[in-house]
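Position one of the sequence shown corresponds to residue -1 (the working numbering), numbered consecutively onward. Virtual Cβ for every residue (Gly too), placed ideally from N, Cα, C. Accompanying notes for the structure given below.
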Amino acid sequence: MTAAAAPVVVTGTGTDVGKTIATAALAALGRSAGLDVGICKPVQTGLAPGEPGDADEAARLSGARRVLEVRRLPDPLAPETAARVARMPQATLDELLGPILRWLGGADAGSSEASASAEEPATPTGRLDLIEGAGGVLVRLGTDLTVLDLARSLDAAVVVVARAGLGTLSDTELTVRAIEAGGLRCAGIVIGSWPYDPDLAERLNLEDLPRLTGVPVLGRVPAGAGQLDPAEFTRHAAEWFGVDTIGELRQSRLAAIDC
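So this is what it looks like as structure tokens:
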């Protein structure tokens, strides 16, 4: 896979840490930098056919136009378990990779469009493809198929979405170590829900997370950001990240390919 096509997988330290809103924020940041941004959800669980999924919500907030959901399962469970409960075949790597690689291969292949604002640049300066996982990095998307396995097959860099408060240090360090042990590059950490009045542990975690994991905290998405209207969300997204977040993502994508 070429550097231009290498995606960024957005995973979490667990469930309900804010991956979808963090993905939307990264997408909005990419669009503000003039990038052609796409959002993919390989396996969506817990929704009936026709209901808007996580990728749709991230696209609605960010204005990203290239959206792909590969597989959907009805029960709100880990994908492997959800397939078993629904008596559906387990996902395979080839089943997920095929549509994703076609989607990565062109601006329109395998994608649907979400509405874009008039601020969309006429000629993007590059592209950013975000792939939101399910739960944590070792969650099974199918039998013996983890989010980490999919990321490795895509030569992806990985962003970890973490909680702000007490307990996040161990969860996040374990996640980063699993990513690196799998031969992938962790681009950094995003706090998925940063409180308006952080307590002592939350404030100190911002210092301790980079020290313990060896990767930067790229940004902090404010609590409740998903309730903003799309115009407000996209207008403020750049304020939630460091000034060189896009540059760090670019470098991590190159490093991931070179591993």
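Specify the secondary structure class of residue i as computed by DSSP and reduced to three states.
| i | result |
| --- | --- |
| R69 | strand |
| R29 | helix |
| L136 | coil |
| T123 | coil |
| T144 | strand |
| F231 | helix |
| Q42 | strand |
| G330 | Here the chain has residues from -1 to 257 only, and residue 330 is not among them. |
| G36 | strand |
| L24 | helix |
What are the residues that DSSP puts in a beta bridge with residue i?
| i | result |
| --- | --- |
| T79 | Beta-bridge pairing links T79 to no other residue. |
| E130 | V8 |
| R259 | This structure gives no information on residue 259, because the portion of the chain shown stretches from -1 to 257. |
Considering just the uninterrupted stretch of the alpha helix (DSSP H) at residue i, what are its terminal residues?
| i | result |
| --- | --- |
| W238 | First-last for W238: undefined, no H or E at that position. |
| A176 | T166 to A179 |
| G96 | L91 to L102 |
| T211 | L198 to T211 |
| A57 | D52 to S60 |
Quick check on residue i: buried or exposed, where buried means 16 or more other Cβ atoms within 10 Å of its Cβ?
| i | result |
| --- | --- |
| L252 | exposed |
| E171 | buried |
| S60 | buried |
| S191 | buried |
| L94 | buried |
| T9 | buried |
What residue range does the beta strand (DSSP E) around residue i cover?
| i | result |
| --- | --- |
| L216 | V215 to P220 |
| V157 | A155 to A160 |
| V188 | C184 to W192 |
Report, in whole angstroms, the separation of the C-beta atoms of residue i and residue j, which I expect to be a contact under 8 Å.
| i | j | result |
| --- | --- | --- |
| G240 | I19 | Wrong, their Cβ atoms sit about 18 Å apart, outside the cutoff. |
| P72 | A46 | 6 Å |
| T173 | N203 | No, T173 and N203 are not in contact; Cβ-Cβ is about 14 Å, not under 8 Å. |
| V219 | W238 | 5 Å |
| L247 | A155 | 7 Å |
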